[in-house]
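Visitor:
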DNA sequence: TAAGTGCGTCGTT
DNA sequence: AACGACGCACTTA
C-alpha cells in the first residue's frame, strides 16, 4: 500500500560459538546486526537456506570466523562490509570512533566524545553506544566510565566483563 | 576514602 | 518535554 515503509529484507543467520548461539543479520549492504545468545529479537527476516544469495553466504562465513577471533580477544582479519545505515549521523560518528579503539584498550565516554569533536556530548555518546547494532565488532564494550568503572552495557554487564576479560582487561567492579 | 546528591550537557524519541 | 551505558563538584560519614 502507498506510504508503507520500505520493506527492507534482511537475513538472520545463527552463528554457533563456544559462548552460545549468536544471530547475525545481513542486509543487501552487509552485516547490519549482531545479537548475543538468547537475545534474538523478533525482526523481519527471510532466510530459507536454499534461496540464500551467495553473497550473504560469503558474509556469513566471514562473520563466523571473525566472531570467533573477536571472542578470543583478537582482532578479526577480515570483516564483511558493515551496514550502519540505521544510525543517525551522530551515532555513526561514534561508531566509527569506537572502531578505532584497539583490542585490549579502553576509552571513557568522555574520551570518545572528544574524539568526535563533541567534547560535552559524553552522555549522548553513551546513548549511541546503547544503539550500537553490531556489538563486539563495533567494540562498545571498550568504553568504560571515566572513574574506571564498568559503565553500562545493553546486552548485560556480564558480556561486557567477559569481552574485556578476553582482551586481558579487568576493570574495577563496583562493590 | 567511599558513597551519595545535584546539575550541566546534548542527542534522541 | 523527558530521559539516559556521563562527568564533575561537593557533601557526609
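Residue numbers (the numbering used here): 5 to 179.
Think of the CB as a built atom: it goes at the ideal place given N, C-alpha and C, for glycine as much as any other residue.
Where do the N-terminal and C-terminal ends of the alpha helix (DSSP H) with residue 36 fall, by residue?
Guide: First-last for residue 36: 34–39, but that is the beta strand (DSSP E), not the alpha helix (DSSP H).
Visitor: Going by DSSP, which residues form a beta bridge with residue 31?
Guide: 34
Visitor: Hey, could you find the ends of the beta strand (DSSP E) residue 19 is sitting in?
Guide: 15–21
Visitor: Skipping 5 residues on each side, what residues in its chain have a beta carbon closer than 7 Å to that of residue 63?
Guide: Counting only Cβ-Cβ distances below 7 Å, and skipping sequence neighbours, we find 30, 34, 35 and 84.
Visitor: Can you tell me whether DSSP reads residue 155 as helix, strand or coil?
Guide: coil
Visitor: Out of 66, 158, 73 and 112, state which residue places its alpha-carbon closest to the alpha-carbon of residue 22.
Guide: 73
Visitor: Expressed to the nearest angstrom, what Euclidean distance is found between the alpha-carbon atoms of residue 87 and residue 57?
Guide: Each residue's Cα considered, the two are about 17 Å apart.
Visitor: Could you check how far apart the C-beta atoms of residue 113 and residue 129 are, in whole angstroms? I think they sit under 8 Å.
Guide: That belief holds up - the Cβ atoms of residue 113 and residue 129 are roughly 5 Å apart, short of 8 Å.
Visitor: Let's see if you can read the secondary structure: which residues bound the alpha helix (DSSP H) around residue 115?
Guide: Counted as a single uninterrupted DSSP element, the alpha helix (DSSP H) harbouring residue 115 occupies residues 113–119.
Visitor: How far does the alpha helix (DSSP H) with residue 133 in it reach, from first residue to last?
Guide: 126–134
Visitor: Express the C-alpha separation of residue 60 and residue 13 in angstroms, rounding to a whole number.
Guide: 12 Å
Visitor: Distance check for residue 70 and residue 101, CA to CA, integer angstroms please.
Guide: 20 Å
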